[in-house]
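Under our numbering, residue 182 is the last one in the sequence shown; the count climbs by one each step, no gaps. Note that CB positions come from ideal geometry on N, CA and C, so glycine has one too.
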Amino acid sequence: MSHHMPSPVRLQDAFLRLGASQRAANDEPAPSGNVPPEAAPAHREQLADNGPKFRAGLEVDQFGPAPIVSQLLEAVLPILTGCLRQVRQKVPEGVRVIGLIAPEKGHGCTTTTLLLAYRLAKEGRSVLVIDASPDRQLADSLSLDIESGWEQTMMRRRPLREVIIHSHGDGFDVLPGQASA
């Protein structure tokens with residue numbers, strides 16, 4: 002008995018699809034056929050220059066962050082502000098995507114990502130947090146019960162904006178990962 006397993010989805014492909022979602026949100030025609038590899042860098046540059054133009058498919062009044070996130074937001078604000086200042090000094094001008102990784106579960110990557118998202122949104126920055134972690138702690142950390150993440154959405158060839166969640170009260174968006182089984 003053989004099972005057909007869908008091929009894995011690369012995060013780079015998700016970013017390209019996010020561009021397709023941007024066109025759909027703005028009622029722009031999508032290019033016919035696959036995007037040739039040589040077109041990908043120009044497309045990414047366009048996103049970097051113009052900023053996000055997508056509309057989230059889902060909205061909430063406010064995320065329900067885990068208590069530790071709320072406590073840390075208050076307690077480490079000066080440290081977080083200093084960290085953001087250092088990031089801005091070290092990251093080349095024009096860079097709009099920052100990724101955080103941890104060597105293994107439990108090192109605080111999700112918590113740090115959320116702290117940065119809350120702080121950047123408070124500064125009026127446009128923030129989209131993409132959950133690419135295998136443990137999918139982001140949705141749990143924000144008390145989100147998701148039915149579908151970016152991987153399933155891409156496999157169904159649907160626009161990513163359908164699963165992006167915007168929080169009016171928090172001022173940032175989340176693109177959740179695969180829903181838990």
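Between the CA atoms of residue j and residue i - distance to the nearest angstrom
i: Lys123; j: Leu139; result: 19 Å
i: Ser144; j: Leu78; result: 22 Å
i: Leu121; j: Leu85; result: 9 Å
i: Glu94; j: Gln87; result: 13 Å
i: Leu176; j: Ile99; result: 15 Å
i: Glu75; j: Asp146; result: 26 Å
i: Ser142; j: Pro104; result: 19 Å
i: Arg157; j: Pro68; result: 35 Å
i: Ile80; j: Leu116; result: 11 Å
i: Ser71; j: Val96; result: 28 Å
i: Gly125; j: Phe64; result: 17 Å
i: Arg1; j: Cys110; result: What is shown of the chain runs 2 to 182, which leaves residue 1 out entirely.
i: Tyr119; j: Val128; result: 9 Å
i: Ile131; j: Leu73; result: 21 Å
i: Gly107; j: Ala133; result: 15 Å
i: Arg89; j: Gly83; result: 10 Å
i: Arg24; j: Asp62; result: Its pLDDT being 43, under 50, Arg24 is placed unreliably by the model, and the measurement read from it follows with that caveat. Answer to the nearest angstrom: the Cα atoms are 26 Å apart.
Where the alpha helix (DSSP H) through residue i begins and ends
i: Asp132; result: Run containing Asp132: none; DSSP gives neither H nor E here.
i: Val184; result: Lying outside 2 to 182, the shown extent of the chain, residue 184 is not represented and no answer is given.
i: Leu81; result: Leu78 to Lys91
i: Ser142; result: Gln138 to Ser142
i: Lys106; result: Taken as a continuous stretch (DSSP letters only), Lys106 belongs to no alpha helix (DSSP H), as it is neither H nor E.
i: Glu94; result: Taken as a continuous stretch (DSSP letters only), Glu94 belongs to no alpha helix (DSSP H), as it is neither H nor E.
i: Ala67; result: Segment: none, Ala67 is in no alpha helix (DSSP H) and carries neither H nor E.
i: Gln153; result: Trp151 to Met156
Cβ-Cβ distance between residue i and residue j below 7 Å
i: His169; j: Ala57; result: no
i: Asp171; j: Ile165; result: no
i: Gln179; j: Glu148; result: no
i: Leu101; j: Thr114; result: yes
Boundaries of the beta strand (DSSP E) in which residue i is found, first to last residue
i: Leu176; result: Asp174 to Leu176
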